[in-house]
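Okay, structure first, notes after.
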Amino acid sequence: MSKGRYGIHGGQYIPETLMNAIIELEQAYEHYKNDQGFQEELTELLNEYAGRPSRLYYAKKMSKDLGGAKIYLKREDLNHTGSHKINNVLGQALLAKKMGKTRLIAETGAGQHGVATATAAALMGFECEIFMGKEDTDRQALNVFRMKLLGARVHVVTSGTMTLKDAVNETMREWTKRVEDTHYVLGSVMGPHPFPEIVRDFQSVISKEAREQILEKEGKLPDAVIACVGGGSNAIGAFFNFIPDKGVRLIGCEAAGKGVDTALTAATVATGSLGIFHGMKSYFCQDEYGQIAPVYSISAGLDYPGIGPEHANLHDTKRAEYVPVTDDEAVNAFEYLSRTEGIIPAIESAHAIAYAMVLAPQMKKDEIIIVNVSGRGDKDVAAIARYRGENIDE
Amino acid sequence: MNNLLTNKISKVFKDNKAFVAFLTAGDPSMDKTEEFILALERAGADLVEIGIPFSDPIAEGPVIQEANERALSAGATTDKLFTMVKRIRQKTEMPLVFLTYINPIFVYGIERFFKACQESGINGVIVPDLPYEEKGEILGIATSYEVDVITLIAPTSKDRIQMLAKEATGFIYLVSSLGVTGVRSEIKTDLKTIIADIRQVSETPIAVGFGISTPEQAKAISGTADGVIVGSAIVKIIAEYGENAGEILFDYVKSMKQSLSV
Numbered sequence: 001m002s003k004g005r006y007g008i009h010g011g012q013y014i015p016e017t018l019m020n021a022i023i024e025l026e027q028a029y030e031h032y033k034n035d036q037g038f039q040e041e042l043t044e045l046l047n048e049y050a051g052r053p054s055r056l057y058y059a060k061k062m063s064k065d066l067g068g069a070k071i072y073l074k075r076e077d078l079n080h081t082g083s084h085k086i087n088n089v090l091g092q093a094l095l096a097k098k099m100g101k102t103r104l105i106a107e108t109g110a111g112q113h114g115v116a117t118a119t120a121a122a123l124m125g126f127e128c129e130i131f132m133g134k135e136d137t138d139r140q141a142l143n144v145f146r147m148k149l150l151g152a153r154v155h156v157v158t159s160g161t162m163t164l165k166d167a168v169n170e171t172m173r174e175w176t177k178r179v180e181d182t183h184y185v186l187g188s189v190m191g192p193h194p195f196p197e198i199v200r201d202f203q204s205v206i207s208k209e210a211r212e213q214i215l216e217k218e219g220k221l222p223d224a225v226i227a228c229v230g231g232g233s234n235a236i237g238a239f240f241n242f243i244p245d246k247g248v249r250l251i252g253c254e255a256a257g258k259g260v261d262t263a264l265t266a267a268t269v270a271t272g273s274l275g276i277f278h279g280m281k282s283y284f285c286q287d288e289y290g291q292i293a294p295v296y297s298i299s300a301g302l303d304y305p306g307i308g309p310e311h312a313n314l315h316d317t318k319r320a321e322y323v324p325v326t327d328d329e330a331v332n333a334f335e336y337l338s339r340t341e342g343i344i345p346a347i348e349s350a351h352a353i354a355y356a357m358v359l360a361p362q363m364k365k366d367e368i369i370i371v372n373v374s375g376r377g378d379k380d381v382a383a384i385a386r387y388r389g390e391n392i393d394e
Numbered sequence: 001m002n003n004l005l006t007n008k009i010s011k012v013f014k015d016n017k018a019f020v021a022f023l024t025a026g027d028p029s030m031d032k033t034e035e036f037i038l039a040l041e042r043a044g045a046d047l048v049e050i051g052i053p054f055s056d057p058i059a060e061g062p063v064i065q066e067a068n069e070r071a072l073s074a075g076a077t078t079d080k081l082f083t084m085v086k087r088i089r090q091k092t093e094m095p096l097v098f099l100t101y102i103n104p105i106f107v108y109g110i111e112r113f114f115k116a117c118q119e120s121g122i123n124g125v126i127v128p129d130l131p132y133e134e135k136g137e138i139l140g141i142a143t144s145y146e147v148d149v150i151t152l153i154a155p156t157s158k159d160r161i162q163m164l165a166k167e168a169t170g171f172i173y174l175v176s177s178l179g180v181t182g183v184r185s186e187i188k189t190d191l192k193t194i195i196a197d198i199r200q201v202s203e204t205p206i207a208v209g210f211g212i213s214t215p216e217q218a219k220a221i222s223g224t225a226d227g228v229i230v231g232s233a234i235v236k237i238i239a240e241y242g243e244n245a246g247e248i249l250f251d252y253v254k255s256m257k258q259s260l261s262v
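As you go down the protein sequences, you meet chains A and E in turn. For the first sequence, full-length UniProt numbering begins at 1 and goes up steadily by one. For the second sequence, full-length UniProt numbering begins at 1 and goes up steadily by one.
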């Protein structure tokens, strides 16, 4: 079995043209992850530039209203650039700098990862090119302009289904064209090894902080941690340091779109099967011939036909549960959190909020849920208005 | 170890510089693919790579991506492809290899896939997203059904070249350029040095692909390599002429084959 395995999942299924680049990245990461200077530099960036540590906020009104468990919100939405994506991007950009790379490329779905990458590129002086599906540049027009403002070039991807999957395809193609000076800042815990490990390590700061914060506030561990899952980077970040704590339920919320019994879904664990795609063995939405399915979710960031290999293994070993959440449930939760706590979550994060709304009333009042609010919802306001039949300009 | 005299694929490189043609199966239809493959052979192709269409062909440029989309929209499936190959095997002895991605093989069932390859008469597979490190996924089973897993070597392979070449059977697919498939006006990679590196450890024939479309390029490359692979230029003709592409393909491949060094 090759490197980077999580149970049967993971691996390095990529063209030969990229193998030396992947090996170089792996060696650099093995070196720098244990390098004190690198870690100090990264911590300073995370704290002083990105605004970490993020708050663990007790959502008192929401908890009371739902009448069950105490709900804490891990406020990744308060990070610079508005989501958890910056955690990984600052780490990878710093690593790329150490490796002598001068150009960053990245895929983006909702635009959060693209914005974070463009931001780090501006900060650290990289050339930057972002690939985004046409469907997504249409529904997240504001983020497209934001990336341009930050000095990045945005390529509109018109191949395939014109969403996140196709943006990943196009970024991989671009990397094979120009690999020498270019680092591919993969945005989720997916792709070939070492990406799932690198991204997870950089995102695990979420659960490292949350674990300390909840012990300080409550003197005990939470009963459940909930996060939304597309590729799964915020979820693995929120889960990782709780994995050894067997009493903590880990719950990933997949985008069910119009429902798992329809074709308009992106719920990989609920509807997918084992496959090998985008560099990894994992679960994918696909047909009997291994053709990747066109998936759908209201959330551009969760609109992906696969799931990271570590999640696939957490599912196999039953350490984590994965539940589908529909567009309707997510939009309701989006509005509910805005109204109840004055926090507008990203539509991605609203999938996690939605499941907390189901779970909390079934739990006791002294039990605790941590929900990872992976991003803020400013980018989604116009789309939600449209969903509710109100046509407003962005 | 590759036996150059008995290996069905290696043999075609023995007495002449080989012309390897690629097309995407099912574009515009399976019947037409069958007709085109036979036309390619009549025009002088020594080996044909048949692309199994995939929804997300990450190693392909726009020309072959679009062919994949056309084929899938027209209803191409792996099963229909095996049926077509069986028919073709009644009419030709020319070696045939599949080019596809690992997922269509894996999901079909690796054992089932290679058994069907043997039964229908496929001699090899090229899997662009299955590097050396992962080839154990299919190699044992493929070999047991007498299907060669073709080794790809890239301009970036450098210190990996000899490790890759040592185990190569059938032929070595030397990728001429960085990036994805597609017609290129110029090939800048120092192919001579890579080929010399390979030759230190392997006698397996070397065919160069990616970017080759003109007789001049084919002539130059066949001066150092054992064969040339042409894909996008052929697929482009099929895209343009559709069902009527047969004759134009014949003329094109004939002129390419004639341009090869002897």
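Cβ atoms here follow ideal geometry from the backbone N, Cα and C, with glycine treated the same way. Because the structure is a prediction, the values reported are computed rather than measured.
**Request:** Could you please tell me which residues of the stretch 85-115 of chain E, in chain order, have their CB closer than 7 Å to any CB of chain A?
**Result:** ILE102, ASN103, PRO104, PHE106, VAL107, TYR108
**Asked** Using CA coordinates, which residue listed in A/VAL358, A/GLY275, A/PRO309, A/GLU329 is at the minimum distance from E/ILE102?
**Response** The residue labelled residue 102 of chain E in the question sits at position 102 within the second sequence. For E/ILE102, the nearest C-alpha among the options comes from A/GLY275.
**Prompt:** Between the beta-carbon of A/ASN313 and the beta-carbon of A/TYR6, is there less than 7 Å?
**Reply:** What you label residue 313 of chain A is simply residue 313 of the first sequence in a count that begins at 1. What you label residue 6 of chain A is simply residue 6 of the first sequence in a count that begins at 1. Taking 7 Å as the cut-off, the Cβ atoms of A/ASN313 and A/TYR6 count as close.
**Message:** Please list, in chain order, the chain E residues whose beta carbon lies closer than 8 Å to that of A/SER159.
**Reply:** What you label residue 159 of chain A is simply residue 159 of the first sequence in a count that begins at 1. Result: PRO62, GLN65.
**Message:** Let's see if you can read the secondary structure: which residues bound the beta strand (DSSP E) around E/ALA67?
**Reply:** Indexing the second sequence from 1 puts residue 67 of chain E at position 67. According to the DSSP assignment, E/ALA67 belongs to no beta strand (DSSP E) but to the alpha helix (DSSP H) extending over 62-73.
**Item:** Span separating the alpha-carbon of A/PRO305 from that of A/ASN169
**Value:** Mapped onto the first sequence, residue 305 of chain A falls at position 305. Mapped onto the first sequence, residue 169 of chain A falls at position 169. Distance between the alpha carbons of A/PRO305 and A/ASN169 is about 13 Å.
**Item:** Neighbour flag for E/VAL253 against chain A, beta carbons, 7 Å
**Value:** Within the second sequence, numbered from 1, the residue matching residue 253 of chain E stands at position 253. It does not; no Cβ of chain A falls within 7 Å.
**7 Å Cβ cut-off: residues of chain E touching A/GLU341** = Along the first sequence, one-based indexing puts residue 341 of chain A at 341. Here the premise fails: no neighbours, minimum Cβ distance about 40 Å.
**Request:** Assess, as a yes-or-no matter, whether the stretch 323-342 of chain A is touched by the stretch 85-92 of chain E under the definition of 3 or more beta carbon pairs within less than 8 Å.
**Result:** Using a Cβ-Cβ distance cut-off of 8 Å, the stretch 85-92 of chain E and the stretch 323-342 of chain A are not in contact, since fewer than three pairs of beta carbons, one from each stretch, lie closer than that value.
**Spatial distance of A/PHE38 from A/ILE86 (CA atoms)** = Numbered from 1 along the first sequence, position 38 holds the residue referred to as residue 38 of chain A. Numbered from 1 along the first sequence, position 86 holds the residue referred to as residue 86 of chain A. Near 17 Å, if we compare the C-alpha coordinates of A/ILE86 and A/PHE38.
**Asked** Cβ of A/ASN20 less than 7 Å from any chain E Cβ?
**Response** Counted from its first residue, the first sequence places residue 20 of chain A at position 20. So yes, A/ASN20 belongs to the interface.
**Asked** Between which two residues does the beta strand (DSSP E) containing E/MET94 stretch?
**Response** The residue given as residue 94 of chain E occupies position 94 in the second sequence. Counting along the chain, E/MET94 falls outside any beta strand (DSSP E), and DSSP gives it neither H nor E.
**Asked** If you scan the stretch 130-180 of chain A from start to end, which runs of the alpha helix (DSSP H) of 4 or more residues do you find wholly inside it?
**Response** 134-139, 141-149, 164-177
**Asked** Does at least one heavy atom of the ligand SAM sit under 6 Å from the Cβ of A/GLU16?
**Response** For the structure depicted, the ligand SAM is absent and the ligand set is empty, with no information on it obtainable.
**Inter-residue Cα distance where the pair is A/PRO324 and A/THR262** = Here the question's residue 324 of chain A lines up with position 324 in the first sequence. Here the question's residue 262 of chain A lines up with position 262 in the first sequence. Each residue's Cα considered, the two are about 12 Å apart.
**Item:** Boundaries (first-last residue) of the alpha helix (DSSP H) holding A/ILE23
**Value:** On the first sequence, residue 23 of chain A is found 23 positions in, with the first residue counted as 1. In the DSSP annotation of this structure, the continuous segment of the alpha helix (DSSP H) that includes A/ILE23 starts and ends at 16-32.
**Request:** Let me know the secondary structure DSSP gives E/LYS254 once reduced to three states.
**Result:** In the second sequence, counting from the first residue as 1, residue 254 of chain E sits at position 254. Three-state result, E/LYS254: helix.
**Item:** For A/GLY109 and A/GLY301, the rounded distance between their alpha carbons
**Value:** Residue numbering aside, residue 301 of chain A sits at position 301 when the first sequence is read from its first letter. Residue numbering aside, residue 109 of chain A sits at position 109 when the first sequence is read from its first letter. C-alpha separation (whole angstroms): 5 Å.
**Message:** Quick check: what's the CA-CA separation for E/LYS8 versus A/ASP166?
**Reply:** In the second sequence, residue 8 of chain E corresponds to position 8, counting from 1. In the first sequence, residue 166 of chain A corresponds to position 166, counting from 1. Those two C-alpha atoms are separated by around 38 Å.
**DSSP-derived helix/strand/coil call for A/GLN291** = Residue mapping note: residue 291 of chain A aligns to position 291 of the first sequence, counting from 1. Here A/GLN291 sits in coil by DSSP.
**Message:** Is there a C-beta anywhere in chain E that falls below 7 Å from the one on A/MET172?
**Reply:** By 1-based counting over the first sequence, the position of residue 172 of chain A is 172. Judged by the 7 Å Cβ criterion, A/MET172 is in contact with chain E.
**Prompt:** For the stretch 138-166 of chain E, which residues have a beta carbon sitting closer than 9 Å to at least one beta carbon of chain A?
**Reply:** Residues passing the 9 Å Cβ filter: THR151, LEU152, ILE153, ALA154, PRO155, THR156, SER157, LYS158, ASP159, ARG160, LEU164.
**Message:** Under 7 Å, Cβ to Cβ, is there at least one residue of chain A near E/GLU41?
**Reply:** For this step, residue 41 of chain E is matched to residue 41 along the second sequence. No, E/GLU41 lies away from the interface with chain A (no Cβ there is under 7 Å from its Cβ).
**Asked** Going along the stretch 214-243 of chain A in order, which residues come within less than 9 Å of chain E, judged by CB to CB distance?
**Response** none
**Asked** Tell me the DSSP bridge mates of E/PHE98?
**Response** Taking the second sequence and counting its residues from 1, the one referred to as residue 98 of chain E is at position 98. The secondary-structure analysis by DSSP pairs E/PHE98 across a beta bridge with E/ILE50, E/VAL125.
**Prompt:** For E/GLU49, which of E/GLY140, E/PHE114, E/LEU99 has the nearest alpha-carbon?
**Reply:** As a working mapping, residue 49 of chain E is identified with position 49 in the second sequence. Looking at the Cα atoms, E/LEU99 is the closest of the given residues.
**Request:** Find out if the Cβ-Cβ distance for the pair E/THR189, E/PHE210 is shorter than 7 Å.
**Result:** What you label residue 189 of chain E is simply residue 189 of the second sequence in a count that begins at 1. What you label residue 210 of chain E is simply residue 210 of the second sequence in a count that begins at 1. No, Cβ-Cβ distance for E/THR189 and E/PHE210 is not below 7 Å.
**Message:** Could you compute how far the alpha carbon of A/MET147 sits from the alpha carbon of A/ALA352?
**Reply:** Mapped onto the first sequence, residue 147 of chain A falls at position 147. Mapped onto the first sequence, residue 352 of chain A falls at position 352. The alpha-carbon of A/MET147 is positioned some 27 Å away from that of A/ALA352.
**Request:** Could you tell me whether the Cβ of E/GLY179 comes closer than 7 Å to any Cβ of chain A?
**Result:** Numbered from 1 along the second sequence, position 179 holds the residue referred to as residue 179 of chain E. Taking Cβ atoms only, chain A reaches closer than 7 Å to E/GLY179, which makes this a yes.
**Item:** Every unbroken beta strand (DSSP E) within the stretch 38-92 of chain A, with a cutoff of 3 residues, ordered by chain
**Value:** 56-58, 70-75
**Request:** Could you check if E/THR143 is buried or exposed, using at least 16 other CB atoms within 10 Å of its CB as the buried criterion?
**Result:** The residue labelled residue 143 of chain E in the question sits at position 143 within the second sequence. Classification of E/THR143: exposed, given that the 10 Å Cβ count is below 16.
**Message:** For A/ILE298, which residues in the same chain have their Cβ closer than 8 Å to its Cβ, ignoring the five residues on either side in sequence?
**Reply:** Counting from 1 along the first sequence, the entry for residue 298 of chain A is found at position 298. These residues qualify, in order along the chain: ALA255, GLY257, ASP327, ALA330, VAL331, ILE347, ALA383, TYR387.
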